[in-house]
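Participant:
Number of protein chains: 2
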Amino acid sequence: MSRKRVVIVGGVAGGATCAARLRRMDENAEILLLDRGPYVSFANCGLPYYVGNVIHDEAKLLLATPALFRERFNIEVRTCNEVVSIDRAARTIAVHDLDTGREYREHYDALVLSPGSAPVRPPCCGIDLPGIFTLRSIPDSREIRTWIDSKDPRKAVVVGGGFIGLEMAENLAHRGIAVTIVELADQIMPPLDREMAEYAREQLIARGIRLRMGDGVASFEQPPSGGLIVRTQGGAALDADIVVLAIGVRPEAKLAREAGLEIGRRGGIRVDSRMRTSDPHIWAVGDAVEVQNRLTGQWELIPLAGPANRQGRVAADTICGRDAEFDGVLATAVCGFFGLTVALTGATEKCLRRAGIDDFQCVYLHPNQHVSYYPGAHPIHIKLVFRKSDGRVLGAQAIGEADVARRIDVIATAIQMNATVFDLENAELCYAPQFGAAKDAVNLAGMAAANVLRGDVALAPWQELDDTDAYIVDVREPHEFHRDSVDGAVNIPLGQLRSKMAGLPHDREIWVSCGIGQRAYYACRILTQHGFRARSLSGGYQTYRVMYPLE
Amino acid sequence: MSRKRVVIVGGVAGGATCAARLRRMDENAEILLLDRGPYVSFANCGLPYYVGNVIHDEAKLLLATPALFRERFNIEVRTCNEVVSIDRAARTIAVHDLDTGREYREHYDALVLSPGSAPVRPPCCGIDLPGIFTLRSIPDSREIRTWIDSKDPRKAVVVGGGFIGLEMAENLAHRGIAVTIVELADQIMPPLDREMAEYAREQLIARGIRLRMGDGVASFEQPPSGGLIVRTQGGAALDADIVVLAIGVRPEAKLAREAGLEIGRRGGIRVDSRMRTSDPHIWAVGDAVEVQNRLTGQWELIPLAGPANRQGRVAADTICGRDAEFDGVLATAVCGFFGLTVALTGATEKCLRRAGIDDFQCVYLHPNQHVSYYPGAHPIHIKLVFRKSDGRVLGAQAIGEADVARRIDVIATAIQMNATVFDLENAELCYAPQFGAAKDAVNLAGMAAANVLRGDVALAPWQELDDTDAYIVDVREPHEFHRDSVDGAVNIPLGQLRSKMAGLPHDREIWVSCGIGQRAYYACRILTQHGFRARSLSGGYQTYRVMYPLE
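Top line first, the protein sequences correspond to chains A and B. FYI, the numbering for the first sequence is 13 to 563, going by the numbering used here. FYI, the numbering for the second sequence is 13 to 563, going by the numbering used here.
Shown next as structure tokens:
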């Protein structure tokens with residue numbers, strides 16, 4: 013029996029997983045893992061926390077060393093060896109040994125590409141000045157740490173308000189540096205719907221982070237006095253002692269493209285459900301491939317470690333002749349900064365619209381992570397997206413201080429299993445006072461959506477608040493109402509609604525608001541049963557304030 | 013249109029939910045809520061924490077007052093009114109007003125019984141001595157607080173090591189009282205499988221709680237010197253300044269039984285899936301009813317707030333002519349004490365055996381709640397139970413310091429949706445270093461089980477370790493092996509296995525152990541592919557030490 017020779021290009025996440033899985037499945041295979049960097053299997057998600065000195069010890073970032081691969085898995089690892097081309101006809105690759113300069117060829121029976129993605133560097137003037145960093149590798153994070161330790165920077169500009177940008181902002185702040193984030197879009201955290209990102213934005217501001225929204229970087233300058241000046245497209249000049257670029261990543265598809273493998277429209281390597289490229293002897297996994305979104309069917313770039321690992325396993329299994337399939341992504345993601353957790357799974361409103369899907373509806377709610385009578389209750393702001401025609405859960409976004417990932421994990425599992433909002437209503441989840449509520453946040457999300465689908469309450473669209481001629485009633489108590497309320501609203505506390513109903517119009521819709529949407533729902537039930545055309549403003553004032561932010 | 017008259021007996025959890033839901037569904041119904049206690053809709057799950065002064069303010073325990081029911085829901089509430097009998101033919105109830113002593117009758121179109129459950133009081137000598145308490149109501153918890161505040165007790169005996177007993181133990185300890193728990197069974201937390209309860213037991217002992225297992229209370233005495241003496245069946249005499257009985261609850265089914273309603277074998281009121289009793293005009297919800305376990309089909313008593321709430325909604329909907337069904341329980345539960353979280357969902361091994369089901373298998377694992385390179389990683393001890401024939405997830409138990417409820421909630425959702433262990437493998441959950449791992453604990457549980465079902469690894473049964481003639485190999489490093497290991501094991505570190513394989517027997521099974529089961533799995537893959545008959549001891553040393561505790 014001849015030994016199968018598998019060569020894997022790129023030894024982080026998907027590549028490393030694939031290698032280890034291959035060995036477990038086939039003790040006989042010859043496995044060679046090549047990486048152009050000095051390390052394999054390192055914790056790239058941990059890099060911002062190494063910069064922030066939350067993780068003190070660089071060695072902790074190394075999940076597996078070449079020695080461990082050799083000893084435990086009988087896998088040969090060559091770091092600082094870059095694969096420069098693929099000869100698909102001959103099934104060989106050309107490798108450049110970066111230490112010695114030697115070029116050599118290696119034969120493969122199966123080739124797995126796991127090259128990852130590279131941080132985008134805008135072609136701005138001054139982009140290569142010292143003090144401007146991107147963060148992808150252990151050497152990158154070491155350089156940033158060294159810069160911080162030696163230069164003691166006071167001011168940082170983080171370019172990009174995505175997940176990595178916010179993690180970097182937190183970690184730089186943790187090092188005592190004043191941080192300004194510059195974000196080209198009109199919101200931070202682009203995967204989120206805009207109004208949900210507002211909750212994160214207000215928390216960032218509250219923690220002293222400066223935000224410059226809707227503005228991009230134009231150029232970088234090094235004044236004679238030292239430091240850096242970041243000039244923005246909007247005309248601002250920001251002082252910085254350090255700049256971190258976090259404006260996204262781009263799939264490393266050059267090798268695949270030059271080898272003539274099919275590349276998708278988003279620039280990632282195109283693979284089938286077995287992670288096979290357009291060449292039957294070549295697989296690809298991780299950040300460099302395009303994946304199909306399970307909710308929209310769209311091809312996307314989803315640079316996340318979880319899917320990369322699953323893909324690595326699928327590639328290994330297929331190479332070993334097993335039946336395995338990668339069934340697309342929900343794009344479940346989480347990000348923590350300054351005690352806040354932001355998480356999402358499945359489709360957002362914006363990604364459904366982008367995909368041309370309009371059979372959906374959203375509800376907003378703001379339950380506490382556990383019963384409010386137990387100390388330490390904090391609200392979780394939730395947006396649940398579901399299919400109008402059959403109640404299928406399509407996605408959820410959540411932001412709060414505690415137990416946010418838990419709720420998104422539950423909803424991710426529900427989406428994976430094709431659950432409906434009615435299933436969420438009935439989910440039987442952990443409850444004790446410090447852990448949740450008899451009606452958990454997830455149950456409440458399901459109930460809010462199910463109430464709409466069953467016709468028990470109609471929602472008024474926040475987006476039409478400016479244009480409606482509806483009669484707006486705020487059913488909170490006067491002391492709540494007088495602090496702030498929906499523009500033009502009349503205050504009728506819920507407890508007085510039955511007695512004051514006579515004064516309400518029958519010829520106009522009545523839109524009802526409250527604090528978080530619960531009392532408005534009760535009010536709508538009362539009004540509807542008394543013949544009024546009532547609708548609830550979903551999520552109440554807590555949603556209003558981010559739909560119509562003051563600034 | 014005549015108004016429907018609905019009378020609800022019992023105003024906590026299920027009863028209160030039912031009342032509020034009824035009003036939302038039917039603005040016209042006449043709704044009367046009766047409770048023999050002085051409060052409705054109070055937070056009974058919060059009572060131990062009020063005793064412990066974690067919740068300072070008694071008013072916080074009142075989730076809704078009679079005034080709120082009247083004002084917001086137009087529901088009449090009568091507290092301190094006990095329903096003493098039901099005349100089913102006349103559709104009336106006899107009510108005893110406990111304040112005035114008056115007896116009166118009320119007519120109903122629909123009657124909902126939500127009487128709850130009562131703490132079991134063993135018929136021991138001395139059971140009524142002062143200083144011996146049970147905990148069911150706000151007045152109960154107030155009495156215990158007063159006792160603690162005025163008597164300054166130094167020693168407490170908690171009778172019963174179930175969820176409530178452990179919550180009481182924590183809260184008494186929190187008040188500075190030395191606690192001894194007396195538990196008749198050979199394990200604490202009876203819903204758990206015994207070996208899983210061991211992890212909780214060792215933590216309790218580490219936190220200074222004294223445990224007296226396999227021993228019951230015989231009698232209580234009040235010595236002339238003051239205080240109490242708790243005499244156990246095993247002959248011990250324990251000093252106590254306060255005793256809390258937490259040996260379980262019994263459904264309050266007397267009213268239903270005397271009315272001739274069908275009672276189940278466990279002593280609870282029998283209802284159909286619409287929460288209707290054997291009388292079509294009477295519904296019952298909450299702790300007093302028997303519910304069907306969704307995994308075993310067995311009728312059980314599950315005194316939990318989540319199911320009670322769902323049942324209240326189902327009863328209300330059915331009464332209003334809607335189609336709603338209660339689909340049984342997974343018995344998801346959680347308990348926190350001394351920084352530890354214990355949670356479970358679905359079937360345990362013991363409940364499957366009790367139901368005569370043997371088409372199942374278990375895996376043990378001990379992943380951290382998040383990546384180990386991020387500070388603050390703690391293991392979660394997990395037992396996953398799944399169906400052997402098709403991989404359906406049947407249940408899970410988990411114990412650890414952080415993010416335990418999250419994993420059990422995910423698995424509960426998976427069970428609800430009929431997921432298999434293969435679905436758990438592929439679950440796409442939240443990952444960032446402080447929140448999880450690219451392979452989350454839930455993924456790992458699915459993988460461990462799927463590896464067994466796919467035949468990639470065979471598990472050796474821990475229970476047969478004493479009797480086997482298998483060759484036991486421990487593949488940990490020598491420094492781990494020498495601290496402690498499975499009796500009779502030979503040490504061959506995983507990295508040396510390929511080179512030392514020649515010395516292993518081909519005529520005997522090889523059972524492989526390690527720290528948590530991961531290296532043993534790798535070793536089994538190697539050995540099996542080289543023709544050995546190898547099996548893995550699931551969960552490794554971390555499971556061994558609770559399977560074979562030292563005492």
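Heads up, the beta-carbon is just placed ideally off N, CA and C, and yes, glycines get one too.
With distance defined between alpha-carbon atoms, name the residue in B:Asp415, B:Thr192, B:Pro127 and B:Cys92 nearest to B:Arg114.
Facilitator: Numbered from 1 along the second sequence, position 102 holds the residue referred to as residue 114 of chain B. Looking at the Cα atoms, B:Cys92 is the closest of the given residues.
Participant: Let's see if you can read the secondary structure: which residues bound the beta strand (DSSP E) around B:Glu88?
Facilitator: The residue labelled residue 88 of chain B in the question sits at position 76 within the second sequence. Run containing B:Glu88: Glu88 to Arg90, per the beta strand (DSSP E) assignment.
Participant: Name the DSSP bridge partner or partners of A:Val18?
Facilitator: Locating residue 18 of chain A in the first sequence gives position 6, where the first residue counts as 1. Bridge partners of A:Val18: A:Ile43 and A:Ala122.
Participant: Taking the alpha carbon of B:Ala565 as the point to measure from, which residue in B:Glu413, B:Asp38, B:Val422 and B:Ala462 has its own alpha carbon closest?
Facilitator: Given a span of 13 to 563 for chain B in the structure shown, any question on residue 565 of chain B remains unanswerable.
Participant: Which class does A:Phe447 belong to by DSSP, given the choice of helix, strand or coil?
Facilitator: Counted from its first residue, the first sequence places residue 447 of chain A at position 435. Reduced to three states, the DSSP call for A:Phe447 is coil.
Participant: Tell me, please, whether the CB atom of A:Arg510 is closer than 9 Å to any CB atom in chain B?
Facilitator: For this step, residue 510 of chain A is matched to residue 498 along the first sequence. Answer yes: the Cβ-Cβ gap between A:Arg510 and chain B drops below 9 Å somewhere.
Participant: With a floor of 3 residues, list each beta strand (DSSP E) that falls wholly inside the region 295-365 of chain B, ordered by position along the chain.
Facilitator: Within the region 295-365 of chain B, the complete beta strand (DSSP E) runs of at least 3 residues are 345-349 and 352-358.
Participant: Look up A:Gly246 in the DSSP assignment and say whether it is helix, strand or coil.
Facilitator: Taking the first residue of the first sequence as position 1, residue 246 of chain A is located at position 234. Three-state DSSP puts A:Gly246 in coil, outside helix and strand.
Participant: Output yes if chain B places a C-beta closer than 9 Å to the C-beta of A:Arg488; else output no.
Facilitator: Position 476 of the first sequence, counting from 1, holds the residue named residue 488 of chain A. For A:Arg488, the answer is no, since every Cβ of chain B falls outside 9 Å of its Cβ.
Participant: First and last residue of the alpha helix (DSSP H) that includes B:His494?
Facilitator: The residue given as residue 494 of chain B occupies position 482 in the second sequence. Taken as a continuous stretch (DSSP letters only), the alpha helix (DSSP H) holding B:His494 covers Pro490 to Arg495.
Participant: Got a sec: which bits of the region 46-63 of chain A sit with their beta carbon under 8 Å from any beta carbon on chain B, in order along the chain?
Facilitator: Result list: Ala55, Cys57, Gly58 and Tyr61.
Participant: Any C-beta of chain B sitting closer than 9 Å to the C-beta of A:Leu406?
Facilitator: By one-based count along the first sequence, residue 406 of chain A stands at place 394. False, the Cβ-Cβ gap to chain B never drops below 9 Å.
Participant: Go through its chain and collect everything with a Cβ distance to B:Gly10's Cβ below 8 Å, but skip five positions before and after it.
Facilitator: Here chain B has residues from 13 to 563 only, and residue 10 of chain B is not among them.
Participant: Just to confirm, are A:Ala265 and A:Leu307 a CB contact at a threshold of 9 Å?
Facilitator: Working through the first sequence from its first residue, we reach residue 265 of chain A at position 253. Working through the first sequence from its first residue, we reach residue 307 of chain A at position 295. Contact flag unset, no.
Participant: Is there at least one Cβ from chain A nearer than 9 Å to B:Cys374's Cβ?
Facilitator: Counted from its first residue, the second sequence places residue 374 of chain B at position 362. Not closer than 9 Å to any Cβ of chain A, the Cβ of B:Cys374 fails to qualify, so no.
Participant: Taking DSSP as the reference, what is the three-state secondary structure of A:Asp435?
Facilitator: Within the first sequence, residue 435 of chain A is the residue found at index 423, counting from 1. Three-state result, A:Asp435: helix.
Participant: Which residues, in order along the region 315-334 of chain B, keep a beta-carbon less than 8 Å from a beta-carbon of chain A?
Facilitator: Under the 8 Å Cβ criterion, the region 315-334 of chain B contributes Leu316, Ala317, Gly318, Pro319, Ala320, Asn321 and Arg322.
Participant: Measuring only the C-alpha atoms, how far is B:Met225 from B:Gly58?
Facilitator: Translated into the one-based positions of the second sequence, residue 225 of chain B becomes position 213. Translated into the one-based positions of the second sequence, residue 58 of chain B becomes position 46. When rounded, the distance between both Cα atoms is 27 Å.
Participant: Contact criterion: CB-CB distance below 9 Å. Does A:Leu80 meet it with respect to chain B?
Facilitator: The residue given as residue 80 of chain A occupies position 68 in the first sequence. Yes, because at least one Cβ of chain B sits closer than 9 Å to the Cβ of A:Leu80.
Participant: Listed in chain order, which residues of the region 423-447 of chain B have Cβ atoms closer than 7 Å to some Cβ of chain A?
Facilitator: Result list: Ala424, Thr425, Ala426, Gln428, Met429, Ala431, Asp435, Asn438, Ala439, Glu440, Leu441, Cys442, Tyr443, Ala444, Pro445, Gln446 and Phe447.
Participant: In the DSSP assignment, find the beta strand (DSSP E) that holds B:Gly26 and state where it starts and stops.
Facilitator: On the second sequence, residue 26 of chain B is found 14 positions in, with the first residue counted as 1. Premise fails: B:Gly26 lies in the alpha helix (DSSP H), Gly26 to Met37, not in any beta strand (DSSP E).
Participant: Counting only beta-carbon separations shorter than 9 Å, does B:Glu179 have a partner in chain A?
Facilitator: Counted from its first residue, the second sequence places residue 179 of chain B at position 167. Yes, B:Glu179 counts as interfacial toward chain A.
Participant: Would you call B:Thr425 buried or exposed, if buried means 16 or more other Cβ atoms sit within 10 Å of its Cβ?
Facilitator: Within the second sequence, numbered from 1, the residue matching residue 425 of chain B stands at position 413. B:Thr425 should be labelled buried.
Participant: For the region 540-556 of chain A and the region 365-378 of chain A, state whether three or more C-beta atom pairs, one from each stretch, are separated by less than 8 Å.
Facilitator: Cβ pair count under 8 Å is three or more, so yes.
Participant: Quick check: is any heavy atom of the ligand SAM less than 8 Å from the C-beta of A:Arg17?
Facilitator: Annotation note on the ligand SAM: not contained in the displayed structure, which lists no ligands.
Participant: Quick check: B:Arg537 and B:Asp435, are their CB atoms within less than 9 Å of each other?
Facilitator: As a first step, residue 537 of chain B is located in the second sequence; it is residue number 525 there, counting from the start. As a first step, residue 435 of chain B is located in the second sequence; it is residue number 423 there, counting from the start. Contact: no.
Participant: What's the call for A:Asn380, buried or exposed, on a 16-neighbour Cβ count within 10 Å?
Facilitator: Looking up residue 380 of chain A in the first sequence gives position 368. So A:Asn380 counts as buried.
Participant: Closer than 7 Å between beta carbons: that is the criterion. Which residues of the region 64-77 of chain A meet it against chain B?
Facilitator: Correct list: Val66, Ile67, Lys72 and Leu73.
Participant: By how many angstroms is the C-alpha of A:Ile420 removed from the C-alpha of A:Leu356?
Facilitator: Position 344 of the first sequence, counted from the first residue, corresponds to residue 356 of chain A. Position 408 of the first sequence, counted from the first residue, corresponds to residue 420 of chain A. The alpha-carbon atoms of A:Leu356 and A:Ile420 are separated by roughly 6 Å.
Participant: Expressed to the nearest angstrom, what Euclidean distance is found between the alpha-carbon atoms of A:Gly272 and A:Ile281?
Facilitator: Working through the first sequence from its first residue, we reach residue 272 of chain A at position 260. Working through the first sequence from its first residue, we reach residue 281 of chain A at position 269. Taking the straight line joining both Cα atoms gives about 10 Å.
Participant: Using a Cβ-Cβ cut-off of less than 9 Å, give me the residues of the region 372-404 of chain A that come near chain B, in sequence order.
Facilitator: Cβ contacts with chain B come from Val383, Ser384, Tyr385, Tyr386 and Pro387.
Participant: Give the residues of chain A in contact with B:Glu413, contact being defined as C-beta atoms less than 8 Å apart.
Facilitator: Numbered from 1 along the second sequence, position 401 holds the residue referred to as residue 413 of chain B. Correct list: empty, because the minimum Cβ distance to chain A is about 13 Å.
Participant: Do the CB positions of B:Leu240 and B:Ala252 come within less than 9 Å of each other?
Facilitator: To locate residue 240 of chain B, count along the second sequence from 1; it is residue 228. To locate residue 252 of chain B, count along the second sequence from 1; it is residue 240. Yes. Within cutoff.
Participant: Alpha carbon to alpha carbon, what distance is there between A:Asp371 and A:Arg520?
Facilitator: The count along the first sequence starts at 1 and reaches residue 520 of chain A at position 508. The count along the first sequence starts at 1 and reaches residue 371 of chain A at position 359. The alpha-carbon atoms of A:Arg520 and A:Asp371 are separated by roughly 27 Å.
Participant: Look at the Cβ atom of A:Val346, then the Cβ atom of B:Tyr443, and state whether they are nearer than 9 Å.
Facilitator: Along the first sequence, one-based indexing puts residue 346 of chain A at 334. Along the second sequence, one-based indexing puts residue 443 of chain B at 431. In contact: A:Val346 and B:Tyr443 (Cβ atoms closer than 9 Å).
Participant: Where A:Gly403 and A:Lys395 are concerned, what is the direct C-alpha to C-alpha distance, given to the nearest angstrom?
Facilitator: Taking the first residue of the first sequence as 1, we reach residue 403 of chain A at position 391. Taking the first residue of the first sequence as 1, we reach residue 395 of chain A at position 383. Taking the straight line from one Cα to the other gives about 15 Å.
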